[in-house]
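Asker: Let me give you the structure first, and then I'll get to my questions.
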Amino acid sequence: MNQPQQSLPLSRTRSTDPEDLANEIVERLMYRIGKNSRAAKPYDWLEAAILVIRDRAIERWMETTSDTYAAGTKRVYYLSLEFLIGRLMRDAVGNLGLLEPMRDALRILKVDLDLIAELEADAALGNGGLGRLAACFMESMATVGLPAYGYGIRYRHGLFRQKIADGFQVELPETWLEHGNPWEFDRREAAYEIGFGGRVEFHEADGSEEKFVWIPAERVIATAYDTPIVGWRAARVNTLRLWKAEPLDPIRLDAFNAGDHFGSLAESNRADALTRVLYPADTSPAGQELRLRQEYFFSAASLKDIIRRHLQQYENLENLGEKVSVQLNDTHPAVCVLELMRLLIDEHGMTFTRAWAITQQTISYTNHTLLPEALESWPVPLFERMLPRHMQLLYEINARLLRQARSELRMDDSQIRNISLIDEHGERRVRMGNLAFAGAHSINGVSALHTELMKETVFADLHKMFPTRINNKTNGITPRRWLMQCNPGLFALLRETIGDEFMDDIEKIRSIEKYAKDAEFQKRFAAVKLANKERLAALVRERMGVKVNPESLFDIQIKRIHEYKRQLLNIIETVALYDQIRSHPEHDWVPRVKFFAGKAAPTYYNAKLIIKLANDVARVINANPSVREVLKVVFVPNYNVSLAEVLVPAANLSEQISTAGMEASGTGNMKFALNGALTIGTMDGANVEISEQVGIDNIVIFGLTAAEVAAKRADGYNPREIIERSPELSQALTAISSGVFSPDDPDRYKGLIGGLYEHDWFMCAADFDSYAAAQRRVDAIWNDSALWWEKSILNTARMAWFSSDRTIREYAADIWKVDI
11 MNQPQQSLPL
21 SRTRSTDPED
31 LANEIVERLM
41 YRIGKNSRAA
51 KPYDWLEAAI
61 LVIRDRAIER
71 WMETTSDTYA
81 AGTKRVYYLS
91 LEFLIGRLMR
101 DAVGNLGLLE
111 PMRDALRILK
121 VDLDLIAELE
131 ADAALGNGGL
141 GRLAACFMES
151 MATVGLPAYG
161 YGIRYRHGLF
171 RQKIADGFQV
181 ELPETWLEHG
191 NPWEFDRREA
201 AYEIGFGGRV
211 EFHEADGSEE
221 KFVWIPAERV
231 IATAYDTPIV
241 GWRAARVNTL
251 RLWKAEPLDP
261 IRLDAFNAGD
271 HFGSLAESNR
281 ADALTRVLYP
291 ADTSPAGQEL
301 RLRQEYFFSA
311 ASLKDIIRRH
321 LQQYENLENL
331 GEKVSVQLND
341 THPAVCVLEL
351 MRLLIDEHGM
361 TFTRAWAITQ
371 QTISYTNHTL
381 LPEALESWPV
391 PLFERMLPRH
401 MQLLYEINAR
411 LLRQARSELR
421 MDDSQIRNIS
431 LIDEHGERRV
441 RMGNLAFAGA
451 HSINGVSALH
461 TELMKETVFA
471 DLHKMFPTRI
481 NNKTNGITPR
491 RWLMQCNPGL
501 FALLRETIGD
511 EFMDDIEKIR
521 SIEKYAKDAE
531 FQKRFAAVKL
541 ANKERLAALV
551 RERMGVKVNP
561 ESLFDIQIKR
571 IHEYKRQLLN
581 IIETVALYDQ
591 IRSHPEHDWV
601 PRVKFFAGKA
611 APTYYNAKLI
621 IKLANDVARV
631 INANPSVREV
641 LKVVFVPNYN
651 VSLAEVLVPA
661 ANLSEQISTA
671 GMEASGTGNM
681 KFALNGALTI
691 GTMDGANVEI
701 SEQVGIDNIV
711 IFGLTAAEVA
721 AKRADGYNPR
731 EIIERSPELS
741 QALTAISSGV
751 FSPDDPDRYK
761 GLIGGLYEHD
771 WFMCAADFDS
781 YAAAQRRVDA
791 IWNDSALWWE
801 KSILNTARMA
811 WFSSDRTIRE
821 YAADIWKVDI
C-alpha cells in the first residue's frame with residue numbers, strides 16, 4: 011500500500027543556543043506575525059516563541075510517525091469527549107529540554123518567559139477529571155514511546171467561563187481561540203461527511219447476505235485540527251486530532267438573495283452548534299438531540315479516519331483488531347460500537363459475525379462512574395430518528411446477546427432486563443454503558459474499589475456473562491506537569507537532594523524518604539511550601555481582593571461541584587468551626603484558610619446553590635473581625651488547569667471527601683499528595699490505594715465505607731436522628747437554613763438543608779461527626795511541626811506508583827497488547 015513520502019532530513023537537529031533561538035523568534039515575529047520587535051505586543055512574543063518551540067516538536071513528530079509506519083506497529087486511538095490539556099508552552103519546552111535556553115533567548119530580547127507564558131489561554135476542551143486524565147494519558151503515551159492518537163472535539167467555547175456575581179455562578183462563553191491557536195494545524199485534507207437521520211433501504215444482493223444502505227437526511231463535514239503532544243525528552247511526539255463541524259454549503263445563496271438572510275445560514279448554524287459547546291444542556295429534547303449528534307459526529311469522524319489510515323498501509327480490514335486498538339474514554343464515544351459495525355458490514359462487505367468479532371477485538375472501554383446520570387442513555391425514538399441504521403444493528407446485537415444469556419447461561423428475566431441494551435422501565439432508552447460493555451473485549455475501572463463495585467452493582471449481570479472482561483487500571487498523573495512544571499521550587503530541592511534520576515524514573519523519588527525526619531530538609535521543604543502559598547495568596551489578593559495569611563494551614567477542595575463530592579459537608583463543618591471559634595475564643599485555634607474552586611453544571615440547581623452558599627459563608631466569616639486571624643474562606647472562580655497549577659503546590663491539606671462508593675478514582679488526590687499535601691478523605695476511589703502507598707498513618711481517613719453507605723441506604727437510614735444527636739451539626743444546619751448567611755433571602759437554603767433531614771442520600775449528616783473529629787486530628791498534627799513535615803515528605807516520596815506512565819504501561823500490556 012502507499013507509504014508516506016519522506017522528503018526532508020528529519021534527523022537534523024536545530025541549535026539550542028540562546029542567541030540562535032532569539033534570532034529565530036525575531037524571524038517568526040517578522041515573517042509569520044508581520045511585526046518587528048518594536049511593534050510587538052506581549053501576545054506577539056508569545057506566539058513567536060511558541061512557533062519556534064513548535065518547529066522543534068514538528069521534526070520529532072514526523073520522525074516518530076515515519077518510524078511507526080516503517081515498523082508496522084499497532085496503533086492506539088484514545089477517544090474522549092474531553093482533553094483538558096491546559097497551556098502547552100511550558101509543557102512543550104520542558105519536555106523538549108528547552109526551558110532555560112528559551113528563557114535566556116527571550117531575556118536577550120528583553121522579554122520575560124514567565125510573563126508571556128501567563129498569556130497563553132487554557133484550551134477549553136474539558137471540564138474535570140475525565141479530561142485531565144485524557145491529557146495526562148496523551149503525554150504519558152508519548153513519553154513511554156507508544157504510537158497513539160487522541161481524538162476529540164475542537165470546542166469553540168468549551169464548557170463555560172465561570173464568573174461569580176453576588177455569590178452566584180454566572181456562565182459566560184470561553185474565548186480561548188480569540189487569538190487563534192498557534193499549536194494546531196488545520197488538516198483540510200482530513201475531512202469526512204457525517205450523516206444524521208434519513209432512512210435505511212434494503213438492497214438484494216446476489217448469493218450473499220442482504221445489504222442495507224443508510225440514506226442520511228442531513229450531512230455535515232468533520233474537519234481535522236492536529237496538535238502535537240510532546241513526550242518527556244521528546245521520546246515521541248503523538249497527535250491530538252480534534253474535529254470541527256462545518257456545513258456542506260456555508261450559505262444558501264438562493265435564499266439569501268431572496269431576502270431570507272437568516273434562513274440562508276440555517277445549515278451553517280446547525281453544523282456550527284455541533285462543536286461550539288462542551289456538554290450542551292440536555293434538559294430539553296433539543297438539548298438531548300444535540301448531545302447525541304455531537305457524540306456520534308466525533309465518533310464517526312474518528313473511525314473513518316482510523317480506517318483510512320489503516321487502509322493506507324494494509325490491503326483490507328481483516329487485521330484491524332491486530333493493528334488498531336480503540337479505547338473509549340467513558341460512554342460518550344460508545345456509539346463507536348455501532349458505527350464500526352456499520353462501516354465493516356455496509357461499506358466493507360463483512361458478515362455480521364465477522365464484523366462483530368473484529369469490533370470486539372478492536373474496542374476497549376473505560377468506565378469512569380457508577381452514577382446513573384453519567385452512564386448515558388438515549389430515548390429510543392430519538393436514537394432511531396437520528397441513527398436509523400445504527401438502531402437496526404443495536405436490535406440485532408441485543409437479540410443475539412439476550413439469546414446467548416437465556417440459552418447458554420440460563421439467566422432469569424430480572425438478569426435479562428439488566429443486561430439488555432434497551433432499558434424497558436418507563437420510556438424505552440438505549441443504554442450506552444451496556445452497549446460499550448457488549449462491544450468491547452476489555453472493560454476497565456479506574457481504581458481497585460471502583461472496579462469491584464462495577465462487578466457488584468451496575469455491571470453485575472454482564473460480569474457474570476463475561477467474567478474475564480472487567481479489569482482494573484488505577485488512574486495516574488504525569489509528574490512532568492504536576493511536579494516538575496507546577497512546583498519548580500520542590501523540583502529544584504529534589505534534584506539538589508537526590509539527583510536527577512527521578513526525572514526519568516519517578517520511582518527514584520522514594521529516595522527522599524530517608525530525609526523525612528531530617529530537621530534541615532524539613533525546613534527547606536516547608537520553605538518551598540510557604541513560597542507556593544505566598545504565590546497563591548498574591549493571586550487571591552489580586553483577583554478577589556481577599557487577603558490571606560500564608561502561614562495559615564491552607565485547606566483546599568478543588569473539583570467539579572457535585573453533591574457526591576460533598577463540598578456541602580466541607581461548608582457545614584466550616585460553619586461549625588466558625589461557631590466553635592466564636593464560642594471558645596480562648597482556645598489556641600489553628601489558623602486555617604478554606605479554599606474552594608470548581609464549576610457546577612448550568613442546569614444543576616443544588617450544585618449552583620452550594621456555590622452560592624460557599625460565597626455567602628465566605629462573606630460573613632471574612633467580615634467578622636473576631637475570627638479574621640484564624641479562619642478565612644475563599645471561593646476562587648473559573649477553575650481550570652492553570653489555576654490548579656497554583657492551588658495544588660500551595661495545599662497543606664487536600665480534601666477528598668466524596669461519599670464512599672461514588673468517586674471512581676479521582677486524580678486531584680494524587681496531585682496534592684505528590685506535592686506534599688496531607689489528605690483528609692473517605693475510603694473511596696483511589697484514596698484507598700493512596701492510603702496503601704503512603705501508609706495509613708500518613709493520611710487522615712474518616713467516615714462510612716462503601717459497604718456501610720449501601721447498608722444504610724438499604725436499611726432506611728433516618729438522618730434526622732443523627733442530626734439531633736450532634737449539637738455541632740444541628741447548630742450549623744440551623745444557622746444555614748434560618749438565614750444567618752443569607753439575610754437578604756432567609757429561606758434560600760431551606761430546601762438544601764431540608765434534604766439532609768429527609769434523606770441525606772450523600773451521607774453528609776451521617777459522616778459529619780467523623781469528619782469534624784478528623785479535622786481536629788489534622789489540627790493536632792499541624793501543631794506538631796516536625797510530625798507534619800515528616801508526613802508531608804513521606805507523601806511526596808511514596809506517590810511514584812500514581813504516575814500515568816505506570817498506568818499507560820498497564821493498558822499497553824494488558825488491554826492494547828502493544829510492546830513498548
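In the numbering used here, the protein residues as written are 11 to 830. Ideal Cβ placement from N, Cα and C applies to all residues, glycine included.
1) List the residues that DSSP assigns as beta-bridge partners of GLU665.
2) Given a cut-off of 8 Å, decide if VAL287 and TYR838 are closer than it, judged by their beta-carbon atoms.
3) Between GLY676 and ALA696, which are expected to be in contact by the criterion C-beta below 8 Å, what is the C-beta distance as a whole number of angstroms?
4) Distance check for ASP515 and HIS342, CA to CA, integer angstroms please.
5) Since GLY241 contacts GLU184 with CB under 8 Å, what's their CB separation in whole angstroms?
6) Take ALA365 as the anchor and find which of GLY726, ASN329, TRP71 and SER278 has the nearest alpha-carbon.
7) Anyone know if the C-beta pair for LYS642 and GLY608 falls short of 8 Å?
8) Quick one: what does DSSP say LEU129 is sitting in, helix, strand or coil?
9) From this set, LEU404, GLU29, GLU418 and VAL456, which residue's C-alpha is nearest ARG439's C-alpha?
10) Roughly how far, in whole angstroms, is the beta-carbon of ALA311 from the beta-carbon of ALA232, given that I think they are within contact range, below 8 Å?
11) Under a three-way DSSP split, which group does GLY168 fall into?
12) If distances are taken between C-alpha atoms only, which option among ASN267, TRP253, GLU277 and THR249 comes closest to HIS229?
13) What did DSSP end up calling TRP186 once you bin it into helix, strand or coil?
14) With 16 other CB atoms within 10 Å as the buried threshold, where does GLY486 fall?
15) May I have the straight-line CA-CA distance separating GLN785 from SER593, to the nearest angstrom?
16) Under the three-state reduction of DSSP, which class applies to TYR588: helix, strand or coil?
17) Indicate the three-state DSSP secondary structure (helix, strand or coil) for LYS827 in the structure shown.
18) Can the beta-carbon of VAL210 be found closer than 8 Å to that of PRO489?
19) Count the other CB atoms within 10 Å of the CB of SER452; is the residue buried (16 or more) or exposed (fewer)?
20) Looking at the structure shown, is SER274 part of a helix, part of a strand, or coil, going by DSSP?
21) Whose C-alpha, out of ASP707, LYS722 and ASN708, is nearest the C-alpha of LEU714?
22) Among TYR525, GLU517, ALA234 and ASP54, which one has its Cα closest to the Cα of GLU506?
23) Count the other C-beta atoms from every protein chain shown that fall within 10 angstroms of the C-beta of ASN497, then say buried if there are 16 or more, exposed otherwise.
24) Report back the beta-carbon spacing between GLU523 and ALA134 to the nearest angstrom; my notes put them in contact at under 8 Å.
25) Given this structure, state the Cα-to-Cα distance separating SER294 from LEU392, to the nearest angstrom.
26) Reducing DSSP to helix, strand and coil, say where GLU194 ends up.
27) List in chain order: all unbroken beta strand (DSSP E) runs of 3+ residues lying wholly within the segment 299-361.
28) For the segment 518-585, list the alpha helix (DSSP H) runs that are entirely contained and at least 4 residues long, ordered along the chain.
29) Just to confirm the assignment: which complete alpha helix (DSSP H) runs, minimum length 4, are found wholly within the segment 390-443?
30) Taking all protein chains shown into account, decide if SER795 is buried (16 or more other Cβ within 10 angstroms of its Cβ) or exposed.
31) By Cβ distance, which residues of its chain are closer than 6 Å to LYS518, with the 5 residues on each side in sequence left out?
32) Could you tell me how far apart the beta carbons of TYR41 and VAL336 are, in whole angstroms, since I believe they sit closer than 8 Å?
33) Opposite ASP259 in the DSSP bridges: which residues?
34) Count the C-beta pairs between the segment 578-596 and the segment 775-790 that are closer than 8 Å, then say yes if the count reaches three, no if not.
35) What are the boundary residues of the alpha helix (DSSP H) that includes GLU57?
36) Taking buried to mean at least 16 other C-beta atoms within 10 Å of its own C-beta, is VAL223 buried or exposed?
Answerer: Quick answer:
1) Residue 665 sits at position 655 when you count from the first residue of the sequence shown. According to DSSP, GLU665 bridges with ILE690.
2) With the chain represented from 11 up to 830, any question about residue 838 goes unanswered, as that position is not in the structure.
3) Reading the sequence shown from its first residue, position 666 is the one you call residue 676. Reading the sequence shown from its first residue, position 686 is the one you call residue 696. Contact holds; Cβ gap of about 5 Å.
4) Counted from its first residue, the sequence shown places residue 342 at position 332. Counted from its first residue, the sequence shown places residue 515 at position 505. Roughly 34 Å between the two C-alpha positions.
5) Numbered from 1 along the sequence shown, position 231 holds the residue referred to as residue 241. Numbered from 1 along the sequence shown, position 174 holds the residue referred to as residue 184. 27 Å between Cβ atoms; not a contact.
6) On the sequence shown, position 355 is the one that residue 365 refers to. Minimum Cα distance to ALA365 is reached at ASN329.
7) Reading the sequence shown from its first residue, position 632 is the one you call residue 642. Reading the sequence shown from its first residue, position 598 is the one you call residue 608. No, the Cβ-Cβ distance between LYS642 and GLY608 is not below 8 Å.
8) Within the sequence shown, numbered from 1, the residue matching residue 129 stands at position 119. The answer is coil: DSSP assigns LEU129 none of H, G, I, E or B.
9) If you number the sequence shown from 1, residue 439 lands on position 429. Nearest option by C-alpha distance: LEU404.
10) Within the sequence shown, residue 311 is the residue found at index 301, counting from 1. Within the sequence shown, residue 232 is the residue found at index 222, counting from 1. Confirmed, about 4 Å.
11) Position 158 of the sequence shown, counted from the start, is the residue given in the question as residue 168. Here GLY168 sits in coil by DSSP.
12) In the sequence shown, the residue the question calls residue 229 occupies position 219. The identity of residue 229 in the sequence shown is Arg, whereas the question assumes His. Considering only alpha carbons, the answer is GLU277.
13) In the sequence shown, the residue the question calls residue 186 occupies position 176. In this structure, TRP186 counts as coil in the three-state DSSP scheme.
14) Along the sequence shown, read from residue 1 onward, the residue named residue 486 stands at position 476. Burial call: buried.
15) Here residue 785 refers to the residue found at position 775 of the sequence shown. Here residue 593 refers to the residue found at position 583 of the sequence shown. Their Cα atoms are separated by approximately 18 Å.
16) The count along the sequence shown starts at 1 and reaches residue 588 at position 578. Three-state result, TYR588: helix.
17) Looking up residue 827 in the sequence shown gives position 817. Here LYS827 sits in coil by DSSP.
18) Residue 210 sits at position 200 when you count from the first residue of the sequence shown. Residue 489 sits at position 479 when you count from the first residue of the sequence shown. Result no, Cβ atoms of VAL210 and PRO489 do not sit closer than 8 Å.
19) The sequence position of residue 452 within the sequence shown is 442, counting from 1. Buried, because 16 or more other Cβ atoms sit within 10 Å of the Cβ of SER452.
20) Taking the first residue of the sequence shown as 1, we reach residue 274 at position 264. Here SER274 sits in helix by DSSP.
21) To locate residue 714, count along the sequence shown from 1; it is residue 704. Comparing Cα positions, the closest option is LYS722.
22) Stepping through the sequence shown from its first residue, residue 506 is reached at position 496. Closest option to GLU506, Cα to Cα, is TYR525.
23) Here the question's residue 497 lines up with position 487 in the sequence shown. Buried: at least 16 other Cβ atoms inside 10 Å.
24) Position 513 of the sequence shown, counted from the first residue, corresponds to residue 523. Position 124 of the sequence shown, counted from the first residue, corresponds to residue 134. In fact, because the Cβ distance is near 40 Å, the residues do not count as touching under 8 Å.
25) In the sequence shown, counting from the first residue as 1, residue 294 sits at position 284. In the sequence shown, counting from the first residue as 1, residue 392 sits at position 382. Each residue's alpha carbon lies about 12 Å from the other.
26) Stepping through the sequence shown from its first residue, residue 194 is reached at position 184. It is coil, neither helix nor strand.
27) 334-339
28) 529-554
29) 390-396, 398-417 and 423-429
30) Reading the sequence shown from its first residue, position 785 is the one you call residue 795. Exposed.
31) Position 508 of the sequence shown, counting from 1, holds the residue named residue 518. Excluding sequence neighbours, LYS518 sits near GLU511 and PHE512.
32) Working through the sequence shown from its first residue, we reach residue 41 at position 31. Working through the sequence shown from its first residue, we reach residue 336 at position 326. The Cβ separation is near 40 Å, so there is no contact.
33) As a first step, residue 259 is located in the sequence shown; it is residue number 249 there, counting from the start. Bridge partners of ASP259: none, in fact.
34) yes
35) The residue given as residue 57 occupies position 47 in the sequence shown. Element bounds for GLU57: 52-81.
36) In the sequence shown, counting from the first residue as 1, residue 223 sits at position 213. Answer is exposed; the Cβ neighbour count stays below 16.
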